[in-house]
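Counting from 884, one number per residue, gives the positions in the sequence shown under my numbering. Yeah, the Cβ is synthetic: ideal placement off N, Cα and C, and Gly gets one too. Since the structure is predicted, the reported quantities are computational estimates derived from the model, not experimental observations. Below is one structure, written out as structure tokens, with a few remarks after it.
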Amino acid sequence: MKYYLTTPIYYVNAAPHIGHAYTTIAADTIKRWKRMQGYDVVLATGTDEHGQKIERAAAAAGKTPQEFTDIISAEFQRQWEILGLGIDRFQRTTAAKHAVQVQDLFHRCLHNGYIYKGNYSGQYCVFDELYVNDAKPGDPCPECGRPTETVSEENYYFKLSAFQQKLLDLYEKQPDFILPESKRNEVLAFVKKGLSDLSISRTTIKWGIPVPNDEKHVFYVWFDALTTYMSAVAGEDMWPADLHLIGKEIVRFHAIYWPAFLMAAGMPLPKRIFAHGWLLFENDKMSKSRGNIVRATPIHKVLGTDALRYFLLREVVFGQDGSFSYDALVGRYNSDLANGWGNLASRTLAMIKQYRAGVIPRSDGDQQIAQSSQEITAIVMESLDRLEFSKALESVWSLIGAVDKYIVEQAPWKLAKGGDAEAERLDEVLYTSAEALRIVTALLAPILPESAAKIWAQLGFTTPIDLVKTADLHWGRLRGNQALGGLATVFPRADVKASIEKMMDLESKEVARQSELLGKKPEPAAAVAPGSPQITIDDFGKVDLRVGIVLDAAAVKGSDKLLHLHVDIGEPAPRSIMAGIAGAYKPEALVGRKVVIVANLAPRKLRGIESQGMIVAASREGDVPVLASFLEDVPIGARLK
Ligand code: MSP
884 MKYYLTTPIY YVNAAPHIGH AYTTIAADTI KRWKRMQGYD VVLATGTDEH GQKIERAAAA
944 AGKTPQEFTD IISAEFQRQW EILGLGIDRF QRTTAAKHAV QVQDLFHRCL HNGYIYKGNY
1004 SGQYCVFDEL YVNDAKPGDP CPECGRPTET VSEENYYFKL SAFQQKLLDL YEKQPDFILP
1064 ESKRNEVLAF VKKGLSDLSI SRTTIKWGIP VPNDEKHVFY VWFDALTTYM SAVAGEDMWP
1124 ADLHLIGKEI VRFHAIYWPA FLMAAGMPLP KRIFAHGWLL FENDKMSKSR GNIVRATPIH
1184 KVLGTDALRY FLLREVVFGQ DGSFSYDALV GRYNSDLANG WGNLASRTLA MIKQYRAGVI
1244 PRSDGDQQIA QSSQEITAIV MESLDRLEFS KALESVWSLI GAVDKYIVEQ APWKLAKGGD
1304 AEAERLDEVL YTSAEALRIV TALLAPILPE SAAKIWAQLG FTTPIDLVKT ADLHWGRLRG
1364 NQALGGLATV FPRADVKASI EKMMDLESKE VARQSELLGK KPEPAAAVAP GSPQITIDDF
1424 GKVDLRVGIV LDAAAVKGSD KLLHLHVDIG EPAPRSIMAG IAGAYKPEAL VGRKVVIVAN
1484 LAPRKLRGIE SQGMIVAASR EGDVPVLASF LEDVPIGARL K
């Protein structure tokens, strides 16, 4: 029986952080669980390396796209190795094997009559690599709120409109195609409104897979990226995927575009798409602009990967948003891992060592605990099948609690003093505790594999825990007379303050290391350099900053930096403005965009053209400039104060 599951392939414009780790850890957990159920599992992940966003990130780092993507893709691979995740296929979209698959999908769709040539003129969000069909110039992206850019180019179109009914039929026939239910409902509502055809190629960017026989086109990055799920297992008998695990913001691409492409190509569809929620940082969305992104490796170094896995899968209900904080992480570690599972392991094993010379005695075990164990095991298995990780963990901890209580009630330390008369009862208590610990450990192996392997070895098993199957979860499988392995504390108690300080210190080192990889200058220590002179409000009032709209934009002959714009700032005639932004913006992307102009700057001539003001953009030294813009609509001519 095969089981093929995937994570999204991650964009290489950012270095890996805890959000990427969240999905990949969940996928690794599912992989281990399916393997325990007897499946031959393949887990694929990879990196999404083409498109405008990456092209720009590479330029900002002063690297070619290929150099840049090589570095960041390797960083993702390294990350998964450090975290000990069982990645079976790591697919890069820049691999030759992948290009073949994308071109094949295109040919099939073309051959079946679902592709035609057209022109797209409208808005595009580079951050989401999303066509925003119904937006007007200057409108923000409905997904991320960032300003959209105007694109006007020849494209190949995919007849998405032909798939409205077919998709609705699919969702109806397979109600669990999209999970959770709330996401399914969102998709249903979206598709019911009607689908417009979708551009699947671009001619104004170069960094992509060429369209066969028409090489001025490269594939639209989502047509390219989604196909990774097939190229990762090309030549194997793995497709269709059993599960695409994704974050909730990319449901539309997976639940609408992807099945439509595959239907058009006459290829089998994935069986399920599960969208989990967002990991927030202390209730705020993690984002580069807020600067509140947390990385996984400092946590791995201080508390171990299992502490992170436990926190993410216990604290956050899978499918809903959840919050990360260092306090809560260390709190959970101490209360549940050190005091819970860790304590059950150490007291059980220590008693066997002390009272039975390190050999687990044989007994049938306590019948009540045996029954609870069987009941709880069934609940955990069902929860894992439904990807209800927090419920699964809660249930395992209820078994840990029951056994703890049992040990206290039976007081084996008293029985040990009772000599031969109590020997059988002591055997029963020790066996019961050990057998419960064995079952708990096996149940936790998919979620907390490193620690489970350690406790498994301490229980005296010599075959790896990875080979445990669900049939082994039955009460009584632990044979008696098994000698324990060497004992050691698996979850030493963490000092809250010291461990948080250590993680935060490592975090800032990791940020600096990743920034260097991304070709960024280290973040300035303070927003304003300490030496910059102060001004009064009156000084500031002298600068007349106005909102304007770009009417036209053109390259300037002989300059690869300058663009010549005409900007309407609400005056009788538009301003002629020269701007050094050609490295960052194509002229056509600026038309219709609202910008900020310094309106009372003395005019000056650049390359013989008068510049009647200055456009406001942000950048660190050496970086590509980013134009100042607004999320809400703002009238032309409005003054910035
Ligand atoms: N490249 C596309 C996906 C193409 S799949 C064919 C992409 N990449 S991404 O780098 O932006 O990664 C998005 C995914 O990373 C999310 O869908 C989710 O799996 C994971 N996450 C990134 N940040 C996250 C949080 N803050 N919280 C939860 N998951 C997060 O989109």
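Next on the checklist: Please classify proline 1025 as buried or exposed, where buried requires at least 16 other C-beta atoms within 10 Å of its C-beta.
Outcome noted: exposed
Checklist entry - Would you call the CB atoms of serine 1256 and alanine 1319 closer than 7 Å? => result yes
Checklist entry - Assuming tyrosine 1209 contacts isoleucine 1383 under a Cβ cut-off of 8 Å, what Cβ separation, rounded to an integer in Å, is found between them? => result 5 Å
Checklist entry - Just the Cα atoms here: how many angstroms apart are leucine 1309 and threonine 928? => result 50 Å
Item to check | Any beta strand (DSSP E) of 3 or more consecutive residues that is wholly inside the segment 1415 to 1458 | outcome: 1428 to 1438 and 1446 to 1451
Item to check | leucine 1163 versus leucine 1195 - alpha carbon distance | outcome: 11 Å
Item to check | Where the alpha helix (DSSP H) through tyrosine 1238 begins and ends | outcome: 1226 to 1239
Checklist entry - When you compare only the Cα positions, how much space is there between histidine 1137 and threonine 1111? => result 12 Å
Checklist entry - Can you give the Cα-Cα distance for leucine 1232 and glycine 1343, rounded to whole angstroms? => result 10 Å
Checklist entry - If you check the beta carbons only, do proline 1470 and alanine 1511 fall under 7 Å apart? => result no
Next on the checklist: Checking 7 Å against the spacing of the C-beta atoms, do serine 1084 and phenylalanine 1102 come in under that value?
Outcome noted: yes
Checklist entry - Do you know offhand how far methionine 1234's Cα is from glycine 1359's? => result 20 Å
Item to check | As assigned by DSSP and simplified to three states, the class of leucine 1510 | outcome: strand
Next on the checklist: Closer than 6 Å to a non-hydrogen atom of the ligand MSP - does that hold for the CB of threonine 1419?
Outcome noted: no
Checklist entry - Apart from the five residues on each side of it in sequence, which residues of its chain come closer than 6 Å, Cβ to Cβ, to phenylalanine 1272? => result Leu1196 and Phe1201
Checklist entry - Residues in its own chain within less than 6 Å of proline 1407 by CB, not counting five upstream and five downstream? => result Only weak support exists for where proline 1407 lies, its pLDDT of 48 falling under 50; the value from the coordinates is given anyway. Closer than 6 Å at Cβ, skipping near neighbours: no residue.
Checklist entry - Roughly how many angstroms lie between the CA atoms of serine 1065 and aspartate 1204, to the nearest whole one? => result 13 Å
Next on the checklist: By the DSSP assignment, the alpha helix (DSSP H) with threonine 889 in it spans what residues?
Outcome noted: Note, threonine 889: premise wrong, no alpha helix (DSSP H); beta strand (DSSP E) at 885 to 894.
Checklist entry - On the three-state DSSP scale, how would you describe glycine 1214? => result helix
Checklist entry - Considering only residues of the same chain and omitting the five flanking positions on each side of leucine 1525, which have a CB-CB separation below 8 Å? => result For residue 1525 there is no data in the structure shown, the boundaries of the chain being 884 and 1524.
Next on the checklist: Pop quiz: lysine 1444 and alanine 1465 are said to be a contact at Cβ under 8 Å. What is the actual Cβ separation, rounded to whole angstroms?
Outcome noted: 5 Å
Checklist entry - Could you give the distance in angstroms between the alpha-carbon of proline 1518 and the alpha-carbon of alanine 1501? => result 22 Å
Checklist entry - Is tryptophan 1161 near the ligand MSP, going by C-beta to nearest heavy atom under 6 Å? => result yes
Item to check | Whether aspartate 911 touches leucine 968 by CB criterion (7 Å) | outcome: yes
Next on the checklist: Could you check whether the segment 1218 to 1227 touches the segment 1256 to 1268, counting it as contact only if at least three pairs of C-beta atoms, one from each stretch, sit closer than 8 Å?
Outcome noted: no
Checklist entry - Sorry if obvious, but does the Cβ on leucine 1525 come closer than 6 Å to a heavy atom of the ligand MSP? => result Absent from the structure is residue 1525, since the part of the chain shown begins at 884 and ends at 1524.
Checklist entry - Taking the C-alpha atoms as reference points, what is the distance between glycine 1475 and histidine 1449? => result 11 Å
Checklist entry - By a C-beta neighbour count over all protein chains shown, 10 Å radius and 16 as the cutoff for buried, is tryptophan 1296 buried or exposed? => result exposed
Checklist entry - Comparing alpha-carbon positions, which option in Arg1178, Ala957, Leu993 and Gly1005 lies nearest alanine 1472? => result Gly1005
Checklist entry - Which full runs of the alpha helix (DSSP H) of 4+ residues lie inside the segment 1138 to 1184, going along the chain? => result 1141 to 1148
Item to check | Close Cβ partners of isoleucine 955 (< 6 Å) along its chain, the five nearest in sequence each way excluded | outcome: Val895
Next on the checklist: For the structure I just gave you, are there three or more beta carbon pairs, one from the segment 1139 to 1152 and one from the segment 978 to 994, closer than 8 Å?
Outcome noted: yes
Next on the checklist: Let's test the definition: count the other Cβ atoms within 10 Å of the Cβ of asparagine 995 and tell me whether it reaches 16, buried, or not, exposed.
Outcome noted: exposed
Next on the checklist: Report the CB separation of proline 899 from glutamine 974 in whole angstroms; it is logged as a contact under 8 Å.
Outcome noted: Going by Cβ atoms, the distance from proline 899 to glutamine 974 rounds to 16 Å, so no, they are not a contact pair.
Checklist entry - Hey, quick one: how far does the alpha helix (DSSP H) through leucine 1327 stretch, first residue to last? => result 1306 to 1327
Checklist entry - With a Cβ-Cβ cutoff of 7 Å, do tyrosine 886 and lysine 917 count as a contact? => result yes
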